[in-house]
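K.L.:
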Amino acid sequence: MNHSIFIYILIAAVVSLLIRALPTTLLRKEIKSTFVRSFLYYVPYVTLSVMTFPAITEATKDPKAGYAALIVGILVAWFRKNLFETAIMCCLTVLVIEMFL
Numbered sequence: 001m002n003h004s005i006f007i008y009i010l011i012a013a014v015v016s017l018l019i020r021a022l023p024t025t026l027l028r029k030e031i032k033s034t035f036v037r038s039f040l041y042y043v044p045y046v047t048l049s050v051m052t053f054p055a056i057t058e059a060t061k062d063p064k065a066g067y068a069a070l071i072v073g074i075l076v077a078w079f080r081k082n083l084f085e086t087a088i089m090c091c092l093t094v095l096v097i098e099m100f101l
């Protein structure tokens, strides 16, 4: 088996550990800067968006279905605020649009 894959996994594990361990070991005091606090508050949301958005257009046969599901998902989430209903509506949108394209 190729040993380079184990090196890649080890590097990924070390980087993940450093990202989680360094802030807890280096930052002992409470962060008082409102800019840094708001930046850290939004990091998980931005990371999820950056990972999810390209998949919206690449996961469907036609990117138009992905964009339509994105718009439907935004609208359903805005008005109902229920993750399950939003996911179902997005899936149905992609299904219906891909049936007719």
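FYI, the working numbering numbers position 26 of the sequence shown as 26, with every residue one higher than the one before it.
Every residue gets a Cβ at the ideal spot worked out from N, C-alpha and C, and that includes glycine.
For clarity, every value in this text was computed on a predicted model and none was experimentally measured.
When the Cα of A68 is compared with those of L83, S38 and V94, which residue comes out closest?
P.N.:
By one-based count along the sequence shown, residue 68 stands at place 68. It is V94 whose Cα lies nearest to the Cα of A68.
K.L.:
Of the choices M89, T86, A65 and G73, whose alpha-carbon is the least far from that of F100?
P.N.:
As a first step, residue 100 is located in the sequence shown; it is residue number 100 there, counting from the start. It is A65.
K.L.:
Cutting at 6 Å between CB atoms, please list the residues of its own chain near V14, excluding the five before and the five after it.
P.N.:
Within the sequence shown, the letter at position 14 stands for residue 14. So the list is empty, once near-sequence residues are dropped.
K.L.:
Can you look up S4 in the DSSP assignment and give me helix, strand or coil?
P.N.:
In the sequence shown, counting from the first residue as 1, residue 4 sits at position 4. Note: S4 maps to helix in three-state DSSP.
K.L.:
Would the C-beta of V76 count as close to the ligand GTP, meaning under 7 Å from any of its heavy atoms?
P.N.:
Inclusion of the ligand GTP in the displayed structure is not the case, the ligand content being empty and no account of it being possible.
K.L.:
Output the boundary residues of the alpha helix (DSSP H) element that contains T52.
P.N.:
One-based indexing of the sequence shown puts residue 52 at position 52. Start and end: T34 to E58.
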